[in-house]
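Following: one structure in C-alpha cells, then a few remarks.
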DNA sequence: TAAAATAAAGCTAAAAGAAAGGTTAGCGGA
DNA sequence: TCCGCTAACCTTTCTTTTAGCTTTATTTTA
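Protein chains in written order, with my numbering: chain A, 1 to 224; chain B, 225 to 448.
Right, here's the structure in full:
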C-alpha cells in the first residue's frame, strides 16, 4: 500500500514515516504543497496524508486541485487544534477524513485503514447513530424533528462520541483530544458540555443516550 | 500495573516516580542502561519508560537488546528536545511511543495508558464462574437472567473472588489489596461488601456461592 | 458430658458521610 | 452576540459506619 505524506514539520514527518513503514506502508514524504501536487500528478497512491498548513501551497488548495483533476485518491487531512474552520473547508473540498493534532499512532493507522478500505472514497461527511445525524461540515446535529448548529467544543465532543458508539471514552481522553495536553481547563468543562449535548439530544427527541460510567468516562448508547 | 523507569537524572526520576505512583502504578526506578537491562531480565513489567541518554548503556541499545531477546514489553522513550533522529531510531528499534522533554504529566500518563492498553485490552475482558460472568470493562455482573453494574469496591472484591475460585482469600488480603495498607477503614467493610455481593448473586439466580471460613476469609465455590 | 450460658465472629439494613457528576448563571473575550 | 469557561450549588451514587441481629464456637455448670 503506497501513501504520500505531505507534512512540512521535519520531526513529525520523520516520525510518521517511521510509524507507517513499520506498518507495511510504502511512504513518500514531501515537505510542501507544491511537491505534493507534483508527486500526485506523476504517481498512483492508495492514500494521502495532507497537512493543511504547508509552505508554498496549502493543503486545502492541493486537495481542491487534485479533486478538480478528477483524482479520487483518499485524503486524510491533518489540522492543528485551532484550525477548526479548516476542517469544514477540507471536507467541502473533498477530504475523506481528518485528524486533529496531536494524535496518536494507533488512531492515525485506524483512520488510514478505514479510509483506504473502501476505495469508493468520496467524503462521508455525516455521522449517524440511532435517529441522529451529525453533519461534519456544518456542525449540525439533527433528527427528523429539527437540528442545532453545535458550537465548536460541543461538536468535537459529539464527534468523538459518535465515532465510537458503544465504546467508553475516558474523560481524560476528551481533555487530551479537545483541550490538549497543556490546557489549564478544569475537568468539569467536560461535564458541562456533556450536559449541553444531553439537553440538545433530549430536545431533538433523540433515541441515543450519553451514559456515564463513574470514575471512567462516557459512552454513546444506541437503542436496540 | 508495574512499570520500570530508567532515567539517570535523579530529580526527574523522583518526580516521575511520584506522579506515576499517585496514579496507581508500581514503579521500579533504575538509573542507567545496565541496571535497566538487569531488571528487565529478571522481572515482568507492564511497561518501560526509557530515557535515551543514559550512562553505561544508552536507551536505544537497551531497547534493541530486549527486542532481540524477544521481549515485547511496551516501551516509551524519553528524548531530549533536539534528538530528533533518535526518535526515528527509537521507533525503528521497536519503541511503542516516544515523548520529548520537557513534557507534562497528563501527556505522560496518556501515553502510558495508550501504550499498555494495546497489550492488555481485549486479552480477556470477562471472568466466568458457574453461570456468572463479570465484565471487566463495564463492571457488569451477569447471568442469563439479568445483570448489575457493580460499584468500584464491589467490583474489586468480586474480581478477586472470581480470579481465585475455590481458593480461600483472607479477609486481611481484601483489605490490603482493595483498601491499602494505610486505610483507616474498619474490617467490617469487607463483611458489608460480601453481603452486597451475595444479595446480588442471589437475585441473579447465580449458582456460585461465597462461603465464609471463620477466622480466615472467603471463598467462591462453584457448583459441582 | 450434655445442656446452658457466654463470647466471638459474621451479617445486614439503614443512616451518615464523601465523592462524582450535573446544571445553571454569569463573566470575559472574539 | 456567541462561545468557552468557571464557580457555585444541586443531585445522584458510592462508601463507610453504626447498631442490632444471627450463627458458630467456647466455656461453664449441673
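For each residue, glycine too, the CB sits at the ideal point set by N, CA and C.
Counting only the same chain and skipping the five closest in sequence on each side, list residues whose C-beta sits under 7 Å from that of residue i.
{"i": "residue 339 of chain B", "result": "271, 298, 300, 320, 321"}
{"i": "residue 21 of chain A", "result": "27"}
{"i": "residue 212 of chain A", "result": "218"}
{"i": "residue 377 of chain B", "result": "402, 417"}
{"i": "residue 129 of chain A", "result": "162, 165, 208, 220, 222"}
{"i": "residue 105 of chain A", "result": "19"}
{"i": "residue 333 of chain B", "result": "247"}
{"i": "residue 103 of chain A", "result": "none"}
Leaving out five residues on either side along the sequence, give the residues of the same chain with a beta carbon under 6 Å from the beta carbon of residue i.
{"i": "residue 225 of chain B", "result": "249, 270"}
{"i": "residue 280 of chain B", "result": "256, 257, 258"}
{"i": "residue 445 of chain B", "result": "433, 435"}
{"i": "residue 136 of chain A", "result": "91, 125"}
{"i": "residue 363 of chain B", "result": "373, 374, 379"}
{"i": "residue 291 of chain B", "result": "318"}
{"i": "residue 7 of chain A", "result": "13, 51"}
{"i": "residue 356 of chain B", "result": "367, 430, 432"}
{"i": "residue 419 of chain B", "result": "none"}
{"i": "residue 69 of chain A", "result": "none"}
My guess is that residue i and residue j are in contact by the Cβ rule of under 8 Å, so how many angstroms apart are they, rounded?
{"i": "residue 295 of chain B", "j": "residue 264 of chain B", "result": "7 Å"}
{"i": "residue 253 of chain B", "j": "residue 237 of chain B", "result": "5 Å"}
{"i": "residue 143 of chain A", "j": "residue 185 of chain A", "result": "Wrong, their Cβ atoms sit about 30 Å apart, outside the cutoff."}
{"i": "residue 289 of chain B", "j": "residue 303 of chain B", "result": "Not really, about 18 Å apart at Cβ, beyond 8 Å."}
{"i": "residue 434 of chain B", "j": "residue 385 of chain B", "result": "7 Å"}
{"i": "residue 331 of chain B", "j": "residue 181 of chain A", "result": "4 Å"}
Please return the same chain residues whose Cβ sits closer than 8 Å to the Cβ of residue i, not counting the five positions on each side in sequence.
{"i": "residue 3 of chain A", "result": "20, 25, 26, 27, 28, 45, 46, 47, 48, 49, 112"}
{"i": "residue 216 of chain A", "result": "168, 170, 171"}
{"i": "residue 163 of chain A", "result": "127"}
{"i": "residue 403 of chain B", "result": "409, 413"}
{"i": "residue 287 of chain B", "result": "274, 299, 301, 314, 317, 318, 319"}
{"i": "residue 390 of chain B", "result": "443, 444, 445, 446"}
{"i": "residue 233 of chain B", "result": "275"}
{"i": "residue 428 of chain B", "result": "356, 365, 366, 367, 369, 370, 371, 372"}
{"i": "residue 61 of chain A", "result": "33"}
{"i": "residue 17 of chain A", "result": "5, 27, 29"}
The alpha helix (DSSP H) with residue i in it runs from where to where?
{"i": "residue 271 of chain B", "result": "Here residue 271 of chain B belongs to no alpha helix (DSSP H); instead the beta strand (DSSP E) covers 271-275."}
{"i": "residue 414 of chain B", "result": "412-427"}
{"i": "residue 296 of chain B", "result": "From DSSP, residue 296 of chain B is part of no alpha helix (DSSP H); its letter is neither H nor E."}
{"i": "residue 255 of chain B", "result": "Unbroken run through residue 255 of chain B: none, as it is neither H nor E."}
{"i": "residue 18 of chain A", "result": "10-22"}
Among all the DSSP beta bridges, which residues are the ones paired with residue i?
{"i": "residue 359 of chain B", "result": "B:350"}
{"i": "residue 393 of chain B", "result": "B:442"}
{"i": "residue 364 of chain B", "result": "B:373"}
{"i": "residue 78 of chain A", "result": "A:51, A:99"}
Where do the ends of the beta strand (DSSP E) carrying residue i lie?
{"i": "residue 281 of chain B", "result": "Residue 281 of chain B -> no beta strand (DSSP E), and no H or E assigned at all."}
{"i": "residue 321 of chain B", "result": "321-324"}
{"i": "residue 210 of chain A", "result": "209-213"}
{"i": "residue 206 of chain A", "result": "It is not in any beta strand (DSSP E) - residue 206 of chain A carries neither H nor E in the DSSP assignment."}
{"i": "residue 6 of chain A", "result": "2-6"}
Inter-stretch contact (C-beta, 8 Å, three-pair minimum) for the segment 374-382 of chain B and the segment 395-406 of chain B: yes
When you compare the segment 143-152 of chain A with the segment 197-205 of chain A, are there three or more beta-carbon pairs, one atom per stretch, that lie closer than 8 Å? yes
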